[in-house]
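In UniProt numbering, the protein residues as written are 1 to 228. Written below as structure tokens is the structure these notes are about.
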């Protein structure tokens, strides 16, 4: 199936390493109906998340054969979440790219490691400490009303409760793409409700609804006015 025009539940994400960072990513993605493949060398970590995993494998993330047998080659995006050991991260990134994974995101702890992983083909390299600082700034900016999940350095997924001024208006009336650079993925009727991706331009937004959308990171600041 072509990867364009799919629902979020059609997308498969791989997470290599279930430490604090990898577990946090997994928990956040699991709330959004993603198919998740996780690999970690600690069985108890895999068992902990088994209910929300499409597949959980106990093993070495630097073993290319293991990655292949786990289905990592079917992933749209893989997060290499073990930043403590640069050699392991390098091998994991190289194997993922060799298996044809379109987007590989890696965690690092230093600027030197960032440069190394970028050179070998990582599509995005992040430092949790840096991202935590940016996330705190966004929380302050948006008054806790907008959840931001950064996919890479250019694009994020945002989820937020619709402003009162949007109630009983349609997408065509609001022109969210033109005004805020929001490309709508779906709606929730209320907080934590199932994501509804079957919507039309003339459907009216209801009070207490939540919107999920993709946005270019350069336009994130435009959402601040919605939370004021």
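Beta carbons are placed, not taken as given, at the ideal position from N, Cα and C, and that holds for glycine.
Three-state class that DSSP yields for residue 176 in the structure shown: helix
Distance, residue 204 Cα to residue 90 Cα: 48 Å
Pairwise C-alpha distance: residue 102 and residue 93: 11 Å
Through-space distance from residue 220 to residue 209, alpha-carbon basis: 20 Å
The ligand PLP heavy atom lying under 7 Å from the CB of residue 151: Absence of the ligand PLP from the depicted structure is noted, as is the absence of any ligand whatsoever, leaving it without description.
Which listed residue (30, 54, 96 and 83) has its alpha carbon closest to that of residue 120: 96
Best match in 199, 155, 16 and 11 for proximity to residue 107 [C-alpha to C-alpha]: 16
Extent of the continuous beta strand (DSSP E) run through residue 19: Here residue 19 belongs to no beta strand (DSSP E), and DSSP marks it neither H nor E.
Option nearest residue 153 by Cα separation, candidates 109, 183 and 124: 124
Spatial distance of residue 20 from residue 202 (CA atoms): 43 Å
Identity of the residue in 27, 51 and 11 nearest residue 34 by Cα: 11
Nearest to residue 251 (by Cα), restricted to the options 62, 87 and 77: Residue 251 lies beyond the range of the chain shown here (1 to 228); nothing can be said about it.
Close Cβ partners of residue 207 (< 6 Å) along its chain, the five nearest in sequence each way excluded: 167
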